[in-house]
Every structure is written in C-alpha cells, then in structure tokens.
Amino acid sequence: MRRKDREITDFQEMLNILKQCDILRLGLADGNFPYIVPVNFAYTVENQQVKFYIHGAMSGRKYQLMQKQKQCSFELDLPLKIACLPETKSITMYYHSIMGTAKIRFLSDSEKQLALEQIFLNRYDETRNFDYHKTALERTAVAELTVLNWTAKSNPPETNTN
C-alpha cells in the first residue's frame, strides 16, 4: 500500500467499515479482462475469519466464472465526501475502503437455506422477519467467500493531512 498513513490494520476498525457497506464488488478473471460485478452480501466473523455470502441465479456469466475459478477478488467502499482544500490547493475524497481475495464455495441446498435465513435476512431490520418464497431456493445459488487476505484504507475528514 503506497499511503501507509491511510492503512487500517486493526481488525475491529476493519469490521466497523465493513458493517457500513451495502455493496461488495466481486472481481473475477474472464480472459484478458477482469469481470467486476456489484452484489448484495451478508457476512459472518468467527475467530477473525471473515466469510461473505452472496446469492444469485444458477446461470449467467458471474455464476459460470465463479464455478470455474473458485477464487475471486473483492472491494467494498464507503465514499464520504469530496473536499477542496484551499490551503494546499488540492482536492481529496474522504472515504473508507476494503479490498481482498477470497476462496469461493457454493453451498449445498440445506446450507443455502440456513445462510439465507440466518445470515442474509438477519443483516437488515427490514428483512429480519420477512416471509420470502422458499420455492426460489431451487433456482438460487449461494456462495460462501472465505477471505484469504484483506486490507483497508481510510481518508476520514477529521484526520486529513493533505
């Protein structure tokens, strides 16, 4: 990381950023070009092991690439605001971000129902007690992304040194 002054290494601080993010950008290799797709996600943490859970159709480009590769990159960010700094005649973006790599594993039918009901639906107050159509499970893939490594970076307004 070039800007070591913005690096976050404290696990709890990294989790605090993660809790605020709603979209995970999944990066998959697809020939000469990366394939990046924004996805909704949920996550668990056990003994400092982070696992993301994503879901989608059991067909399409994302599904096919994940089936083939079994590994991915990911990115999450929380843009705060852009600021003009007249004293230095510079412009900066205040933000928090996380990047990393993960191993992909598709869940079995019984595992995916548990993941959807106990992890996904519990993430938001609005979905916690939602009675969804369970027939959708048959055509829904749920993948567990076990984080292999991750880094976090932050440029919050209160500590800006530009």
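The opening position of the sequence shown corresponds to residue 5 in my numbering, with each subsequent residue numbered one higher. Beta carbons: idealized from backbone N, C-alpha and C, even for Gly.
Spatially closest choice to residue i from the options, by CA coordinates
i: Q53; options: K72, T105, E11; result: T105
i: F134; options: F124, R143, T92; result: F124
i: A87; options: L80, P160, K138; result: P160
i: A33; options: C76, K8, D26; result: C76
Check whether residue i and residue j have beta carbons under 8 Å apart
i: I108; j: K74; result: yes
i: L120; j: V146; result: yes
i: F78; j: L111; result: no
Residue i in three-state terms, based on DSSP
i: T144; result: strand
i: L111; result: coil
i: P90; result: coil
Exposure label - residue i; buried when at least 16 CB within 10 Å
i: F59; result: Phe is not the amino acid found at residue 59; the sequence shown has His there. With 16 or more other Cβ atoms within 10 Å, it is buried.
i: K85; result: exposed
i: Y57; result: buried
i: M62; result: exposed
**OP:** Check whether the segment 88-107 touches the segment 11-22, taking contact to mean three or more Cβ pairs, one atom from each stretch, closer than 8 Å.
**Re:** Look at the beta carbons and you see the segment 88-107 touching the segment 11-22: at least three pairs across the two are nearer than 8 Å.
Original post:
Can at least three beta-carbon pairs, one atom from the segment 33-46 and one from the segment 61-77, be found at a separation below 8 Å?
Top reply: Below 8 Å, enough C-beta pairs join the segment 33-46 and the segment 61-77 to call them touching: three or more.
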